[in-house]
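Right, one structure below, let's go through it.
Number of protein chains: 2
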Amino acid sequence: MNLKAKGTNAERELIKIFWNTNRWSAHRIAGSGSSHFPSPDVIAGNSLRKLAIECKSTKSIKQYITSEQINGLREFSKIFGAEPWIAVRFNNMDWFFLTLEDLKETEGNNFVISIPLAKNKGLSFEQLIQ
Amino acid sequence: MNLKAKGTNAERELIKIFWNTNRWSAHRIAGSGSSHFPSPDVIAGNSLRKLAIECKSTKSIKQYITSEQINGLREFSKIFGAEPWIAVRFNNMDWFFLTLEDLKETEGNNFVISIPLAKNKGLSFEQLIQ
């Protein structure tokens with residue numbers, strides 16, 4: 002399975018978790034990586050909250066995210082009126098949800114999430130939807 | 002171009018109209034026709050309003066919509082917290098936007114929009130986003 006298909010699978014898995022609550026809807030955005038317009042990977046929502054989510058799944062111990070992705074997520078969230086979140090899943094662990102303020106900036110103006118950072122700052126799914 | 006590609010092109014065109022306002026965002030939902038979960042074709046929004054849109058483009062003088070599509074749009078809109086809208090474009094005409102109450106039910110429990118109905122009940126894009 003190529004990287005894109007793996008990413009899509011991770012997004013689909015996250016979407017099911019939202020629908021399984023029976024109180025949240027979630028959908029993948031078409032062409033989110035290639036769209037001309039700022040775009041999250043997933044939009045989830047209920048009558049009270051809307052979440053714009055960038056999804057990352059990795060076998061590594063660190064997940065890097067480009068500043069372009071972060072800026073696009075921030076811009077979309079502002080126009081649409083949603084909370085921007087990063088969902089990250091490391092091997093054999095549950096999803097962690099981080100705000101943009103939680104991310105650590107790297108030297109090249111990009112961002113990184115380590116496992117300790119995710120455990121320290123990240124919310125579980127149950128905490129996210131509380 | 003096949004029917005699916007034509008539908009996708011119509012959705013992309015509508016999405017550009019929203020972004021061109023500089024105040025609305027809009028995105029196509031991945032696999033909206035084949036998803037296990039109730040889904041619109043397009044989600045558009047700004048900080049005040051969220052619109053769940055089923056897009057239809059036709060060369061015919063009538064646009065039929067199945068009750069499954071209407072029910073899915075209604076269900077998604079309720080869970081997500083969005084206004085359900087049907088966007089329909091007939092040949093050489095601008096988009097019309099109709100609420101679910103505007104649609105005419107057919108004998109087989111499906112729905113139909115004629116050009117006169119669209120002109121009579123439908124909103125223009127400018128009216129929709131007012």
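First to last, the protein sequences are chains A and B. Count the first sequence with my numbering and you get residues 2 to 131, in order. Count the second sequence with my numbering and you get residues 2 to 131, in order. All C-beta atoms in this analysis are idealised placements derived from N, C-alpha and C, irrespective of residue type, glycine included.
What's the C-alpha gap between residue i and residue j?
i, j, result
"residue 86 of chain B", "residue 41 of chain B", "9 Å"
"residue 1 of chain A", "residue 4 of chain A", "The structure shown has nothing for residue 1 of chain A, since chain A only spans 2 to 131."
"residue 120 of chain B", "residue 114 of chain B", "10 Å"
"residue 36 of chain B", "residue 70 of chain B", "12 Å"
"residue 128 of chain A", "residue 15 of chain A", "15 Å"
"residue 106 of chain B", "residue 106 of chain A", "56 Å"
Leaving out five residues before and five after residue i in sequence, what residues of the same chain have Cβ atoms less than 7 Å from its Cβ?
i, result
"residue 111 of chain A", "65, 66, 67 and 68"
"residue 7 of chain A", "58"
"residue 130 of chain B", "22 and 25"
Using a Cβ-based criterion (distance less than 8 Å to any ligand heavy atom), does residue i qualify as near the ligand SAM?
i, result
"residue 61 of chain B", "Ligands displayed in this structure: none; no statement on the ligand SAM is therefore possible."
Can you find the residues in the same chain that come closer than 8 Å, C-beta to C-beta, to residue i, ignoring five residues on each side of it along the sequence?
i, result
"residue 126 of chain B", "18, 95, 96 and 98"
"residue 20 of chain B", "26 and 27"
"residue 92 of chain A", "59 and 60"
Are the Cβ atoms of residue i and residue j separated by less than 9 Å?
i, j, result
"residue 39 of chain B", "residue 73 of chain B", "yes"
"residue 12 of chain B", "residue 43 of chain B", "yes"
"residue 82 of chain B", "residue 51 of chain B", "yes"
"residue 75 of chain A", "residue 49 of chain A", "no"
"residue 47 of chain B", "residue 80 of chain A", "yes"
"residue 78 of chain B", "residue 45 of chain B", "no"
Going along the chain, which residues of its own chain have a beta-carbon closer than 6 Å to the beta-carbon of residue i, five neighbours each way excluded?
i, result
"residue 104 of chain B", "112"
"residue 124 of chain A", "98"
| field | Near-chain A residues of the stretch 43-73 of chain B (beta-carbon distance less than 8 Å), N- to C-terminal order | value | 44, 46, 47, 48, 49 and 51
| Is the stretch 47-57 of chain B close to the stretch 87-94 of chain A, with three or more CB pairs under 8 Å? | no
| field | Cβ-based contacts, 7 Å cut-off: residues of the stretch 75-93 of chain A near chain B | value | 77, 80, 81 and 82
| Counting pairs of Cβ atoms below 8 Å between the stretch 30-41 of chain A and the stretch 22-33 of chain B, do you hit three or more? | Three or more Cβ pairs drawn from the stretch 30-41 of chain A and the stretch 22-33 of chain B lie within less than 8 Å of each other, which places the two stretches in contact.
| query | If contact means a Cβ-Cβ distance below 7 Å, which residues of the stretch 9-22 of chain A contact chain B? | reply | 20
| Just by C-beta distance, which residues in the stretch 117-130 of chain B are closer than 9 Å to chain A? | none
| Using a beta-carbon distance cut-off of less than 9 Å, what residues from the stretch 25-40 of chain B approach chain A? | Answer set for the stretch 25-40 of chain B: 25, 26, 27, 28, 29, 30, 31, 32, 33, 36, 37, 38, 39 and 40.
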